[in-house]
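Numbering (the working numbering), first residue to last: 1 to 199.
Where is the CB? At the ideal position from N, CA and C, for every residue including glycine.
All remarks here apply to the structure that follows.
Next up, the structure:
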């Protein structure tokens with residue numbers, strides 16, 4: 001490695017540090033959002049595989065300007081599968097962190113969790129007609145990720161226990177992925193349940 005290589009690496013590290021938000025950013029990849037989205041879906045895939053529930057392969061990121069979808073994969077029968085990624089995070093808590101209030105974590109109630117999650121799914125449902133290079137005969141999957149400090153696995157389990165969301169008309173399946181949990185050695189995930197008979 002020569003001095004020019006070292007300067008380039010140092011410049012990339014500084015750029016990443018400058019862009020990092022510092023709050024709830026386990027999945028964050030400050031200098032490349034495409035890699036971040038791919039990483040979220042990869043983490044879900046690893047956890048699904050650990051449960052013998054993996055239903056896709058050949059995951060690839062589509063990248064700007066080829067999105068949406070953020071990623072695509074193949075089903076077991078070889079059909080193309082569209083995957084969109086979105087984050088469950090509190091913007092006010094991010095701002096508080098940037099202002100030096102590093103322990104002003106977002107408080108999450110059942111109502112707030114339901115409201116924010118519903119809003120994220122609604123936005124991704126609206127993306128469906130904009131998917132590039134259709135069709136995606138394997139389905140349209142939305143992956144929500146979070147690293148919110150107050151949204152631990154037990155808290156999320158409690159919030160989801162009786163939660164039934166209205167089924168978006170375009171989304172086939174939705175998963176919520178939490179940041180790495182050393183107690184289980186991987187990222188916990190939950191497949192969201194939708195109301196039966198919903199549109």
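query                                                                                                                         : result
Taking buried to mean at least 16 other C-beta atoms within 10 Å of its own C-beta, is residue 90 buried or exposed?          : buried
So what does DSSP say about residue 89, is it helix, strand or coil?                                                          : coil
Rounded to whole angstroms, how far is the Cβ of residue 140 from the Cβ of residue 128, which I believe are closer than 8 Å? : 6 Å
Do residue 107 and residue 150 come within 8 Å of each other at the CB atom, strictly closer than that value?                 : yes
Any idea if residue 137 is buried or exposed, counting beta-carbon neighbours within 10 angstroms, 16 or more meaning buried? : exposed
Give the DSSP-derived three-state secondary structure of residue 80 in the structure shown.                                   : strand
Residue 182 to residue 64, Cα distance in whole Å?                                                                            : 33 Å
Using the beta-carbon count (16 or more within 10 Å), is residue 109 buried or exposed?                                       : exposed
Can you tell me which residues form a DSSP beta bridge with residue 145?                                                      : 87 and 177
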